[in-house]
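In my numbering, the protein residues as written are 2 to 170.
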(Lines of atoms letter the chains of each structure in order from A and count residues from 1; the text may use other names and numbers.)
(Lines give C-alpha, C1' and ligand atoms only; values in the text may rest on other atoms or scores of the structure.)
Protein backbone atom coordinates (compact mmCIF):
# COMPACT_ATOMS: atom_id res chain seq x y z
CA UNK A 1 0.00 0.00 0.00
CA UNK A 2 1.40 3.41 -0.95
CA UNK A 3 1.48 6.35 1.41
CA UNK A 4 1.85 10.06 0.88
CA UNK A 5 2.59 13.24 2.77
CA UNK A 6 1.36 16.71 1.99
CA UNK A 7 2.69 20.04 3.11
CA UNK A 8 -0.34 21.93 1.88
CA UNK A 9 -2.98 23.23 4.22
CA UNK A 10 -5.91 20.89 4.11
CA UNK A 11 -9.50 21.91 4.65
CA UNK A 12 -11.13 18.58 3.82
CA UNK A 13 -11.56 15.65 6.18
CA UNK A 14 -10.23 12.29 5.06
CA UNK A 15 -11.99 9.09 6.10
CA UNK A 16 -9.80 6.48 7.70
CA UNK A 17 -10.42 2.88 8.63
CA UNK A 18 -8.48 1.17 11.42
CA UNK A 19 -8.45 -2.55 12.10
CA UNK A 20 -7.43 -4.22 15.33
CA UNK A 21 -7.34 -7.90 16.16
CA UNK A 22 -8.94 -9.25 19.31
CA UNK A 23 -8.51 -12.49 21.14
CA UNK A 24 -11.11 -14.94 22.37
CA UNK A 25 -10.76 -17.92 24.62
CA UNK A 26 -12.92 -20.37 26.48
CA UNK A 27 -12.19 -22.83 29.26
CA UNK A 28 -14.10 -26.10 29.21
CA UNK A 29 -14.30 -27.95 32.49
CA UNK A 30 -15.24 -31.61 32.67
CA UNK A 31 -16.70 -33.22 35.80
CA UNK A 32 -14.18 -33.68 38.63
CA UNK A 33 -11.63 -31.39 37.04
CA UNK A 34 -10.54 -27.74 37.27
CA UNK A 35 -8.69 -25.15 35.19
CA UNK A 36 -6.91 -21.87 35.77
CA UNK A 37 -8.85 -18.96 34.28
CA UNK A 38 -6.56 -16.11 35.46
CA UNK A 39 -2.85 -16.06 36.30
CA UNK A 40 -1.46 -14.57 39.51
CA UNK A 41 0.21 -11.25 38.66
CA UNK A 42 1.81 -8.90 41.17
CA UNK A 43 1.64 -6.11 38.57
CA UNK A 44 4.23 -3.44 37.86
CA UNK A 45 6.39 -2.28 40.75
CA UNK A 46 9.38 -0.04 41.38
CA UNK A 47 12.12 -1.18 43.73
CA UNK A 48 14.39 1.01 45.85
CA UNK A 49 17.47 0.55 47.99
CA UNK A 50 15.22 -0.99 50.67
CA UNK A 51 13.61 -4.45 50.44
CA UNK A 52 9.83 -4.71 50.62
CA UNK A 53 6.81 -6.82 49.82
CA UNK A 54 3.86 -6.76 47.44
CA UNK A 55 0.70 -8.63 48.42
CA UNK A 56 -2.14 -9.45 46.05
CA UNK A 57 -5.22 -10.47 48.04
CA UNK A 58 -7.69 -13.04 46.68
CA UNK A 59 -10.08 -10.16 45.91
CA UNK A 60 -7.42 -8.59 43.66
CA UNK A 61 -6.43 -5.66 45.88
CA UNK A 62 -2.72 -4.96 46.13
CA UNK A 63 -0.73 -3.58 49.05
CA UNK A 64 2.95 -2.95 49.66
CA UNK A 65 5.44 -2.58 52.47
CA UNK A 66 9.01 -1.34 52.75
CA UNK A 67 10.81 0.13 49.77
CA UNK A 68 8.40 -0.97 47.04
CA UNK A 69 6.31 1.49 45.02
CA UNK A 70 3.22 0.21 43.21
CA UNK A 71 2.85 1.39 39.62
CA UNK A 72 -0.40 1.12 37.70
CA UNK A 73 -3.24 -1.19 38.56
CA UNK A 74 -2.52 -4.31 36.54
CA UNK A 75 -2.33 -6.88 39.33
CA UNK A 76 -4.51 -9.99 39.28
CA UNK A 77 -5.25 -12.79 41.74
CA UNK A 78 -5.10 -16.28 40.26
CA UNK A 79 -8.56 -17.72 39.59
CA UNK A 80 -9.47 -21.38 39.20
CA UNK A 81 -12.79 -22.93 38.12
CA UNK A 82 -13.93 -26.50 38.67
CA UNK A 83 -16.86 -28.84 38.38
CA UNK A 84 -18.06 -31.42 40.88
CA UNK A 85 -21.41 -32.16 42.50
CA UNK A 86 -23.53 -30.12 44.90
CA UNK A 87 -22.30 -30.54 48.51
CA UNK A 88 -19.30 -32.58 47.36
CA UNK A 89 -16.17 -32.04 49.43
CA UNK A 90 -13.01 -30.78 47.75
CA UNK A 91 -9.55 -30.73 49.32
CA UNK A 92 -7.32 -27.91 48.05
CA UNK A 93 -3.58 -27.83 48.69
CA UNK A 94 -0.40 -26.29 47.32
CA UNK A 95 2.61 -28.19 46.01
CA UNK A 96 4.88 -25.83 47.99
CA UNK A 97 4.31 -23.01 50.48
CA UNK A 98 6.74 -20.75 48.64
CA UNK A 99 8.22 -20.53 45.15
CA UNK A 100 10.85 -18.40 43.47
CA UNK A 101 10.31 -16.07 40.54
CA UNK A 102 13.32 -15.79 38.27
CA UNK A 103 14.22 -13.05 35.83
CA UNK A 104 17.09 -10.76 34.93
CA UNK A 105 18.08 -10.11 38.56
CA UNK A 106 18.14 -11.87 41.90
CA UNK A 107 15.19 -14.23 42.23
CA UNK A 108 12.22 -13.17 44.35
CA UNK A 109 10.17 -15.40 46.65
CA UNK A 110 6.37 -15.68 46.49
CA UNK A 111 4.88 -17.02 49.72
CA UNK A 112 1.80 -17.06 51.94
CA UNK A 113 -0.62 -18.18 49.24
CA UNK A 114 -4.19 -17.42 50.34
CA UNK A 115 -7.40 -18.86 48.93
CA UNK A 116 -10.43 -16.65 48.70
CA UNK A 117 -13.19 -18.14 50.80
CA UNK A 118 -15.24 -17.07 53.77
CA UNK A 119 -13.10 -16.51 55.74
CA UNK A 120 -9.92 -16.47 53.66
CA UNK A 121 -7.54 -19.31 54.43
CA UNK A 122 -3.78 -19.53 54.08
CA UNK A 123 -3.04 -22.43 51.79
CA UNK A 124 -0.43 -24.98 52.68
CA UNK A 125 0.65 -28.44 51.62
CA UNK A 126 -1.93 -29.65 54.15
CA UNK A 127 -5.28 -29.80 52.31
CA UNK A 128 -8.09 -27.40 53.16
CA UNK A 129 -11.55 -28.94 52.76
CA UNK A 130 -14.44 -27.05 51.18
CA UNK A 131 -17.95 -27.97 50.08
CA UNK A 132 -19.27 -27.19 46.62
CA UNK A 133 -22.29 -24.94 47.06
CA UNK A 134 -23.20 -24.18 43.41
CA UNK A 135 -26.47 -25.74 42.30
CA UNK A 136 -24.87 -27.14 39.14
CA UNK A 137 -21.67 -28.27 40.91
CA UNK A 138 -19.63 -25.47 39.39
CA UNK A 139 -17.32 -23.39 41.53
CA UNK A 140 -14.41 -20.99 41.31
CA UNK A 141 -11.89 -19.65 43.77
CA UNK A 142 -9.19 -16.96 43.70
CA UNK A 143 -5.69 -17.26 45.14
CA UNK A 144 -3.44 -14.41 46.24
CA UNK A 145 0.10 -14.34 47.64
CA UNK A 146 2.92 -12.14 48.94
CA UNK A 147 6.06 -11.36 46.93
CA UNK A 148 9.36 -10.54 48.66
CA UNK A 149 11.13 -7.84 46.63
CA UNK A 150 14.86 -7.45 47.19
CA UNK A 151 16.57 -4.10 47.64
CA UNK A 152 17.70 -2.71 44.26
CA UNK A 153 15.80 -5.44 42.39
CA UNK A 154 16.84 -5.41 38.72
CA UNK A 155 14.10 -4.31 36.32
CA UNK A 156 12.51 -6.89 34.06
CA UNK A 157 9.87 -9.61 34.00
CA UNK A 158 10.08 -12.38 36.59
CA UNK A 159 8.21 -15.67 36.35
CA UNK A 160 7.64 -18.67 38.57
CA UNK A 161 5.53 -21.81 38.55
CA UNK A 162 3.45 -23.16 41.38
CA UNK A 163 1.04 -26.05 41.64
CA UNK A 164 -2.30 -26.46 43.30
CA UNK A 165 -4.07 -29.78 43.79
CA UNK A 166 -7.78 -30.48 44.12
CA UNK A 167 -8.92 -33.81 45.52
CA UNK A 168 -12.65 -34.42 44.98
CA UNK A 169 -14.16 -36.61 47.72
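Idealized CB from N, CA, C, for every residue including glycine.
In the DSSP output, what is residue i paired with across the bridge?
i           : result
residue 92  : 130, 168
residue 141 : 82
residue 101 : 110
residue 34  : 84
residue 56  : 64, 147
residue 41  : Per DSSP, none; premise fails for residue 41.
residue 51  : Partner(s): none; residue 51 has no beta bridge.
Does the CB of residue i have a neighbour CB from chain C at under 8 Å?
i          : result
residue 31 : In the structure shown, chain C does not exist; there is a single protein chain.
Work out the CA separation of residue j and residue i for me, nearest whole Å.
i           : j           : result
residue 155 : residue 47  : 10 Å
residue 139 : residue 132 : 11 Å
residue 60  : residue 118 : 10 Å
residue 88  : residue 135 : 8 Å
residue 150 : residue 159 : 11 Å
residue 103 : residue 111 : 11 Å
residue 152 : residue 107 : 10 Å
residue 67  : residue 34  : 40 Å
residue 40  : residue 129 : 21 Å
residue 114 : residue 64  : 15 Å
residue 37  : residue 105 : 26 Å
Measuring CB to CB, does residue i end up less than 8 Å from residue j?
i           : j           : result
residue 84  : residue 30  : yes
residue 53  : residue 76  : no
residue 146 : residue 80  : no
residue 100 : residue 161 : yes
Within its chain, find whatever has a CB closer than 6 Å to the CB of residue i; leave out the 5 residues flanking it on each side and keep chain order.
i           : result
residue 166 : 94
contact_flag[the region 72 to 79, the region 90 to 110] where n(CB pairs < 8 Å) is 3 or more: no
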